Structures are given as structure tokens and as C-alpha cells.
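Residue numbers (my numbering), protein chains in the order written: chain A, 3 to 120; chain B, 65 to 176.
Take a look at the structure below.
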Amino acid sequence: DGGITQSPKYLFRKEGQNVTLSCEQNLNHDAMYWYRQDPGQGLRLIYYSQIVNDFQKGDIAEGYSVSREKKESFPLTVTSAQKNPTAFYLCASSFAGTLGRRQGYGYTFGSGTRLTVV
Amino acid sequence: AQKITQTQPGMFVQEKEAVTLDCTYDTSDPSYGLFWYKQPSSGEMIFLIYQGSYDQQNATEGRYSLNFQKARKSANLVISASQLGDSAMYFCAMRGVMEFYFGTGTSLTVIP
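Okay, structure coming up:
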């Protein structure tokens with residue numbers, strides 16, 4: 003079955019460490035996204051990528067980095083520059099391009115990674 | 065400018081009753097899509113229902129229906145016959161040309 007997989011489910015980071023969150027999809031989606039969610043709050047966009055080898059900053063990109071070397075993969079690195087990284091991270095994917103009347107332009111989400119600084 | 069507004073941070077509903085979760089949006093795009101997602105405590109985001117801006121009829125998916133009022137720019141979610149498993153966060157979202165915009169969510173609690 004097609005889907006989007008995030009790993010690990012739980013991740014613990016020490017102060018000053020970089021950690022990488024994995025996101026893989028086999029839906030043949032062009033676009034991939036990373037969101038951060040803090041307790042009781044909505045989703046905030048970190049980075050997104052519409053095509054391979056290209057990505058754009060979202061609203062809260064500082065302290066994060068991404069790569070898009072393959073269509074299926076969009077890993078997120080939380081760097082030591084991110085001072086408050088404890089949060090729930092959601093990866094999503096979708097078809098890109100102009101919006102039509104097809105339902106397929108919605109997002110498919112991964113199951114999330116919960117990152118905690120220890 | 066905020067694109068999606070959900071004004072109800074928390075809602076309570078009696079089991080088996082219907083509940084409406086409010087959502088208003090702001091866009092100048094002639095073509096857009098409106099979505100509702102459910103997020104249980106496990107954190108996954110579950111797609112519930114979609115409404116296209118050109119769709120003439122309100123979308124329905126089982127116990128979920130979307131009350132789409134284009135002139136008012138509202139896309140309220142109606143859940144009929146609430147069940148205990150409906151307790152979760154609910155997010156309204158809009159797809160524009162390039163990005164998705166999410167509301168801040170409504171926490172729904174179903175009371176036995």
C-alpha cells in the first residue's frame with residue numbers, strides 16, 4: 003500500500019546535537035512538507051519542496067535544514083541552532099501543480115516524530 | 065494575513081448528538097480546496113472531507129458533512145451522531161496555488 007513513513011516515532015536529543023528526522027513516501031507525490039506542532043497549537047510550516055533538488059523556507063525555517071535528493075525522501079535536520087526543538091514534527095506530501103477539481107490535491111500525512119531535548 | 069480561522073478552541077458534545085465546528089477562510093484565488101483533518105491523541109492527521117471551490121453541492125462523507133457557504137467564506141464541519149472516538153483535535157485547511165494553510169484547530173470532547 004502507498005503511504006508516507008516517518009521515523010523514528012520518538013527521538014531524544016542532547017543539547018548541542020544535530021538530529022535528522024526521516025520522511026519517505028511511495029505515493030509518487032511531487033511535493034513534500036515539514037510542519038512543527040507545539041502542544042495545543044496548530045501546524046507551522048518549516049520547509050517545503052515542490053521538486054527534487056529544490057526546496058523553500060516556510061514560516062519557521064531557522065535552525066532547521068532539509069535536502070531533497072530523491073523524489074521519495076525529504077529528511078529534516080534539527081540543528082543545534084534551533085534553541086527550542088521539543089515538539090511534534092509532521093511530514094506531508096501531495097501532488098503539486100495548479101489546483102483542479104480533483105480531491106487528489108490534498109495532503110497525506112506521516113504519523114509524526116516526537117522530538118524531546120534531554 | 066491569516067488565511068484560516070477557527071474560533072472555537074474547545075467544544076463539547078453529548079454522545080449521539082450532532083456538532084458543528086466553525087471555519088472561515090480568506091483567499092482571492094478563484095480556485096481552491098477546503099479540507100478537514102482529525103488529529104487524535106496519537107498525533108496522526110486523518111483526512112476527513114474535501115470541498116472544492118467550484119463544487120455546487122456540499123461534500124458528505126459518512127457522518128461528516130461540510131457546510132460550504134462560499135459568499136460568507138465559511139466551511140463548517142458537521143459531525144452527526146457523535147461517538148466517543150470522535151474526541152480529537154480538528155483542523156480546517158485550505159489549499160491555495162502553492163501552499164496549504166491550516167487553522168489553529170478545535171478540540172472536540174464527546175461526553176458519554
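Using N, Cα and C, we set each Cβ at its ideal position, and we do this for glycine too.
Computed from a predicted structure; not experimentally measured.
Look at the Cβ atom of ALA94(A), then the Cβ atom of GLN52(A), and state whether they are nearer than 8 Å.
In the first sequence, counting from the first residue as 1, residue 94(A) sits at position 92. In the first sequence, counting from the first residue as 1, residue 52(A) sits at position 50. Cβ atoms of ALA94(A) and GLN52(A): not closer than 8 Å.
Taking only three categories from DSSP, how would you classify ASP56(A)?
To locate residue 56(A), count along the first sequence from 1; it is residue 54. DSSP, read as helix, strand or coil, puts ASP56(A) in strand.
Check whether the Cβ of LEU23(A) lies closer than 8 Å to any Cβ atom in chain B.
In the first sequence, residue 23(A) corresponds to position 21, counting from 1. No, LEU23(A) does not count as interfacial toward chain B.
Express the C-alpha separation of TYR128(B) and SER67(A) in angstroms, rounding to a whole number.
The residue labelled residue 67(A) in the question sits at position 65 within the first sequence. The residue labelled residue 128(B) in the question sits at position 64 within the second sequence. If you take the alpha carbons of SER67(A) and TYR128(B), they lie about 38 Å apart.
GLY5(A), DSSP secondary structure in three states
As a first step, residue 5(A) is located in the first sequence; it is residue number 3 there, counting from the start. DSSP places GLY5(A) in coil when its eight states are reduced to three.
DSSP three-state call for ILE175(B): helix, strand or coil?
Counted from its first residue, the second sequence places residue 175(B) at position 111. Of the three classes helix, strand and coil, the one that applies to ILE175(B) here is strand, per DSSP.
With 16 as the cutoff for other CB atoms within 10 Å, does TYR50(A) come out buried or exposed?
Translated into positions along the first sequence, residue 50(A) becomes position 48. Flag for TYR50(A) reads buried.
Could you list which residues in chain B have their beta carbon closer than 7 Å to that of TYR109(A), in chain order?
Position 107 of the first sequence, counted from the start, is the residue given in the question as residue 109(A). Within 7 Å Cβ-Cβ: PHE164.
Are the CB atoms of PHE155(B) and GLY44(A) nearer to each other than 8 Å?
As a working note, residue 155(B) is residue 91 in the second sequence. As a working note, residue 44(A) is residue 42 in the first sequence. The Cβ atoms of PHE155(B) and GLY44(A) lie closer than 8 Å to each other.
With 16 as the cutoff for other CB atoms within 10 Å, does ILE48(A) come out buried or exposed?
In the first sequence, the residue the question calls residue 48(A) occupies position 46. With 16 or more other Cβ atoms inside 10 Å of its own Cβ, ILE48(A) counts as buried.
Classify PRO87(A) as buried or exposed, calling it buried when 16 or more other Cβ atoms lie within 10 Å of its own Cβ.
Residue numbering aside, residue 87(A) sits at position 85 when the first sequence is read from its first letter. Counting Cβ neighbours within 10 Å, PRO87(A) comes out buried, since at least 16 surround it.
Can you find a CB in chain B that lies within less than 8 Å of the CB of PHE90(A)?
The sequence position of residue 90(A) within the first sequence is 88, counting from 1. Judged by the 8 Å Cβ criterion, PHE90(A) is in contact with chain B.
Identify whether GLY97(B) lies in helix, strand or coil by the three-state DSSP scheme.
Locating residue 97(B) in the second sequence gives position 33, where the first residue counts as 1. The answer is strand: DSSP assigns GLY97(B) an E or B state.
Checking 8 Å against the spacing of the C-beta atoms, do THR110(A) and TYR91(A) come in under that value?
Translated into positions along the first sequence, residue 110(A) becomes position 108. Translated into positions along the first sequence, residue 91(A) becomes position 89. Not in contact: THR110(A) and TYR91(A) (Cβ atoms no closer than 8 Å).
Over the uninterrupted beta strand (DSSP E) stretch that includes MET257(B), give me the two end residues.
In the structure displayed, chain B extends from 65 to 176; residue 257(B) sits before or after that span and is not available.
Taking the runs of the beta strand (DSSP E) that are 3 residues or longer, which of them lie wholly in the stretch 17-57 of chain A?
Those beta strand (DSSP E) runs which fall completely within the stretch 17-57 of chain A and span 3+ residues are 21-27, 33-39 and 45-53.
Per the DSSP calculation, GLN103(B) is bridged to which residue(s)?
Here the question's residue 103(B) lines up with position 39 in the second sequence. For GLN103(B), DSSP records a beta bridge to MET153(B).
I'd like to confirm the pairing. Which residues does DSSP put opposite CYS93(A) in its beta bridges?
Mapped onto the first sequence, residue 93(A) falls at position 91. For CYS93(A), which the question treats as bridged, DSSP gives the partners TRP36(A).
For GLY19(A), count neighbouring C-beta atoms within 10 Å of its own C-beta (all shown protein chains included) and say buried if the count is 16 or more, exposed if not.
Start at 1 with the first residue of the first sequence, and residue 19(A) comes out as number 17. Correcting the residue identity first, residue 19(A) is Gln in this sequence and not Gly. Under this definition GLN19(A) is an exposed residue.
Does any C-beta atom of chain B lie closer than 8 Å to the C-beta of GLN43(A)?
Looking up residue 43(A) in the first sequence gives position 41. Yes, because at least one Cβ of chain B sits closer than 8 Å to the Cβ of GLN43(A).
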